[in-house]
Amino acid sequence: MAKNPFLIPTQWFRRRQEPQLPARESTPPPPTGKPQDQQANTGYGPVVALPDSITWNMLLDPTLGREYVLWCIAKTPTEVTLTIFDSSHGGLGLRTALDRQKVCGKNTLSISKPLPWWQSLLRSFGSPFNVLLVLLASLSVATPEKEWANFSLLMLMSVISVLLRFSQERKSTLAAINLQTAIKTDINLIRFVSDNPNPAKSVEVPVAVQDLVPGDILVLRPGDTIPADCLLLEAQHLQISQSSLTGEGEPQQKGTRYDGTATYETVFDLPNIAFMGTTVVSGTGTGLVVGTGDHAHIASITEELSRKKPPTAFEEGILWATFAMIAFMASTILTVFIIRGRLSGEWQQAAEFSLGLAVAVIPEMLPAIVNTNLARGARKLAKSGAIVKDIGAIQNFGSMKVLCSDKTGTLTAGSITLHLAENCLGRESREVLELAFTTAVSRTGKKSDIDMAILQAGAAAAAEMDRKLNLGEWIADIPFQFEKRISGSIARTPRGDFLVIIKGAIEEVLAATERIKRTENDIVALTDAQKTQMLAKAFQYNDDGYRVLGIASKTVGASERDGENDSDREVAEKMAQNYKLNLVFEGFLVFLDLLRDDGAAAVASLQQLGVEIKVLTGDNERVARKICRDLKIFFPDVEAGLQSITGLNLSRLSPKAFASAVQHSTVFAKLTPSQKSKIVVSLKQHCSSASSAASAVGMLGDGINDCAGLRFADVGISVSSAAPAAKDCADVILTDQARSLSVVVAGVRTGRAAHANTVKYIKMAASANFGNVVSVLVATAWLPYQPMTGLQILVQNLLYDIAQFALPWDRVDDEDVAKPLVWDWRDLVRFVLVFGPVSSLSDVATFCFNWLALDINEGASPLVPMAQTHWFLSGLVTQLLVVHVLRTGKVPLWESRSHAALAAMTISVMIFGLALPYIKVLSRHIGLVEPDPIFLGFLAWEVIVYCLVVQAIKVVYKRCFGVWL
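Residues 1 to 965 in full-length UniProt numbering are what the sequence shown spells out, letter by letter.
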């Protein structure tokens with residue numbers, strides 16, 4: 001195979017360039033104290049400008065670190081970077097782009113690539129119980145008397161289970177992919193029309209985002225989602241929203257210059273780097289692509305998501321149930337083998353019988369029943385507009401004890417309205433509204449939710465007053481800056497003056513102003529006492545659930561402006577860099593994000609279902625607390641009631657104090673992405689340690705900064721409008737018609753119903769099979785003949801399991817969905833040990849009938865096949881009818897009735913089972929004969945007495961242990 005010409009050995013690269021471009025192992029030298037030698041906290045070494053002797057593919061070396069490479073690129077002169085990437089302002093040629101794509105691959109993240117169908121099929125097979133079935137099937141044909149019937153039945157059950165899960169999950173995966181492909185996937189590039197570089201021949205062309213390569217030149221316009229990391233080459237008033245990465249709602253001003261004297265705390269503060277996944281809010285620009293696909297910075301955020309996902313509560317529960325059944329099966333079969341071998345002296349026959357019994361006693365339909373339950377739940381939620389990508393999430397919904405949720409758009413309508421424009425005296429003010437309207441209407445590019453709320457309120461006020469509110473013509477923007485949390489604009493008034501208006505966080509606006517307007521003609525110096533008074537008023541609004549911004553302004557006359565020879569635009573842009581002097585605090589803008597109409601009802605329903613809601617928000621802590629109070633979000637286990645904590649305070653806690661704070665707090669404000677995932681992990685650890693069974697933790701999020709939390713949660717929930725990476729990490733996607741907590745409530749109920757019906761099957765099948773083992777032990781020690789062949793036990797179990805296929809449609813009692821249901825293997829063992837021996841009572845009664853009434857007490861008796869038939873019929877009928885007793889903790893038929901489908905299936909299978917001995921074609925292969933007529937009357941009385949006994953023991957069991965399912 002020819003060596004790829006683009007790949008240069010990284011060892012050579014490090015040897016030649018290590019002094020200029022340290023790798024991960026390098027230790028950064030101590031700071032010199034000079035601003036230009038500032039050391040960035042990258043974890044890889046000092047940030048240095050890249051030399052033009054390296055080539056672009058050297059930067060693909062993962063040991064350098066994606067973040068570190070971006071720091072170095074940002075510091076490198078633009079022309080040098082263009083040389084490194086062998087590109088120009090005119091872009092690349094098509095042939096060059098295709099060659100580069102062979103080196104770096106498609107511009108897609110690994111986590112976003114769906115699994116091939118065959119890998120999905122193998123993943124569906126990976127249930128521990130499926131593995132157990134295949135193992136038993138293999139053992140059934142490993143004996144001298146090869147039981148091909150057993151092998152076929154067990155493999156059939158495994159295949160049915162796998163196909164059920166595969167078909168449902170594949171269907172959901174394709175639906176999720178359709179959501180992704182519905183989004184625009186083209187971006188405009190500057191490329192050469194030929195591979196002979198000539199700037200005059202470069203044109204702007206649309207290209208699919210997955211075909212981008214390093215060296216391409218992006219054209220950025222308002223509304224574009226940036227599809228790759230890029231170095232900005234041109235920027236005109238460019239503002240980019242990085243909320244999907246940082247959680248910060250306001251856009252950041254971007255440019256083309258790296259300031260060596262400035263302090264950049266994180267890589268997101270770099271002014272000349274635009275990141276994959278961010279959005280252009282306003283302005284235009286061009287950018288050199290420097291990182292695509294898994295070589296983009298977003299991949300460093302999502303790379304831990306590509307690791308194996310931690311086991312969910314459902315997976316842990318299934319694993320424990322499987323281990324419990326394997327241990328039970330191994331111990332009981334070993335006991336049967338020893339007793340039968342010692343009594344008969346035929347150890348080989350005892351081994352074959354024990355192996356056949358092992359195949360028979362395992363509930364082989366468990367995977368199929370579980371997956372049928374989950375698939376039905378997924379289809380049920382799909383009707384509500386939710387796409388369930390992983391059907392295991394249905395079971396985790398049912399086990400969910402904690403839901404971590406965002407506030408905006410989930411608890412609230414996500415539609416912000418301007419409630420009040422108020423002056424410093426606490427009165428509604430038209431002047432304050434005019435200032436806010438002017439800065440909102442004049443801002444270029446995509447309007448923020450705040451600006452849209454101001455524009456709507458201003459339009460309504462203008463229509464009412466029959467006059468325009470705009471105070472001037474836009475000249476320049478004052479871009480939002482994270483550290484200042486202020487934005488604004490500069491407008492030219494009809495008189496020719498410049499009107500400077502800023503709005504933003506109340507603390508920052510007050511800090512930027514020197515004076516305060518008390519009345520139209522009463523402007524005085526702003527004192528500390530007045531600042532405290534204004535802050536107290538804002539906090540009072542926050543406590544009432546309102547979001548408050550401050551607004552300030554100043555008017556600059558022509559004689560006060562610098563730069564006589566500059567244009568108005570140039571003067572205004574200079575003024576935007578230094579706007580603080582002589583600002584006057586005007587008043588407050590009070591906003592309200594209305595609660596969802598169904599929010600209170602959904603919260604109440606979740607809390608009644610035992611689900612604790614924790615709010616993870618980037619909004620004001622006081623506002624979030626007020627919304628929680630209005631929605632009555634609380635949890636009775638928390639003694640101090642509603643508690644809240646900020647991300648800053650969380651970061652100062654020790655691990656033990658962190659876990660305690662997470663457990664007892666309801667509101668988490670101003671969180672970083674890593675803190676969100678840590679909160680989810682801490683809650684999972686607490687839920688697992690607080691009880692013997694694993695409970696589930698849910699996470700509802702829509703940003704890239706929510707990805708880790710969605711991944712680590714037992715059930716990750718996102719929405720169709722979320723960032724693509726968030727939808728990739730989610731287990732459930734709520735479409736536009738389902739973006740409501742009420743769908744989550746439906747998911748909880750559906751999950752608990754599916755869980756309850758699954759547990760019904762496991763408990764009933766396991767106890768019945770254990771009863772069969774006890775009966776075999778009794779028969780082995782007492783009867784001189786084999787009470788039933790292994791094939792007869794398998795057929796009996798198969799008929800019983802066929803009847804249980806209707807269980808997913810069974811009704812579930814209200815008390816069984818009133819609290820989170822968890823997998824508790826101790827409860828399973830307890831149930832089996834109580835009701836298994838009870839089912840043996842009817843078997844022993846049948847043995848006595850055969851011994852006493854029919855005198856079948858010798859192994860050589862010709863009536864042994866009849867005795868086996870009697871036990872076959874007795875076991876089948878009692879197991880089928882007792883289902884209606886055990887399926888509910890209440891009185892059957894009177895207080896709780898099964899679904900018609902379950903009743904019809906039970907009756908149908910029972911009729912077929914009773915008729916089976918009379919169907920010669922089948923009965924002779926199974927070893928059944930026609931039963932004694934007297935036995936049928938005995939069977940009727942036996943079933944009635946047995947059901948009454950089980951009902952009585954059920955009442956005592958519930959009183960003793962306080963639980964049923």
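All C-beta atoms in this analysis are idealised placements derived from N, C-alpha and C, irrespective of residue type, glycine included.
Just so we're clear, the structure is a prediction, and the values are computed from it rather than from any experiment.
Distance CB(residue i)-CB(residue j) smaller than 9 angstroms
i	j	result
P367	L121	no
F192	L98	no
T735	G385	yes
S721	D702	yes
S695	D706	no
A756	L965	yes
K890	D810	no
R100	P251	no
I516	F437	no
S87	L270	no
G698	A708	no
T555	L510	no
T617	F658	no
V834	I953	yes
K763	F831	yes
I502	L418	no
L609	V548	no
T888	W871	no
Q792	Q879	no
N- and C-terminal bounds of the alpha helix (DSSP H) containing residue i
i	result
H237	Note, H237: premise wrong, no alpha helix (DSSP H); beta strand (DSSP E) at 229 to 241.
K102	94 to 104
D801	790 to 804
residue 969	As shown, the chain starts at 1 and ends at 965. That puts residue 969 outside it, with no answer to give.
T78	78 to 84
V759	741 to 782
A867	864 to 886
M534	528 to 543
Interface flag, residue i vs chain D, CB-CB below 9 angstroms
i	result
L741	Checking the listed chains, one finds no chain D in this structure; it contains a single protein chain.
Per DSSP, cross-strand counterpart(s) of residue i
i	result
I551	K503, G587
Q663	The partner list for Q663 (beta bridge, DSSP) is empty, contrary to what the question assumes.
N423	G587
Q252	I240
K517	I523
I387	I733
C404	K614, M699
G283	In DSSP, G283 forms no bridge with anything.
D224	Paired residue(s): none; D224 is not in a bridge.
P892	S896
V963	Beta-bridge pairing links V963 to no other residue.
G291	D229
W474	A491
Whole-Å CB distance - residue i paired with residue j, under 8 angstroms assumed
i	j	result
D229	G291	3 angstroms
D406	L700	6 angstroms
V623	G747	Not a contact, Cβ separation roughly 27 angstroms.
V774	G875	Wrong, their Cβ atoms sit about 12 angstroms apart, outside the cutoff.
M905	A765	At roughly 15 angstroms, the Cβ-Cβ gap does not stay under 8 angstroms, so M905 and A765 are not in contact.
Q242	P479	Contact doesn't hold; Cβ gap of about 13 angstroms is too wide.
T672	S644	16 angstroms between Cβ atoms; not a contact.
Start and end residues, beta strand (DSSP E) containing residue i
i	result
V370	Element bounds for V370: not the beta strand (DSSP E) but the alpha helix (DSSP H), 366 to 382.
P206	202 to 208
N188	186 to 192
L220	217 to 220
A491	486 to 492
S839	Note, S839: premise wrong, no beta strand (DSSP E); alpha helix (DSSP H) at 825 to 848.
G716	715 to 719
Can you list the alpha helix (DSSP H) stretches of 4 or more residues lying completely in the region 580 to 653, in chain order? 599 to 608, 621 to 631, 647 to 651
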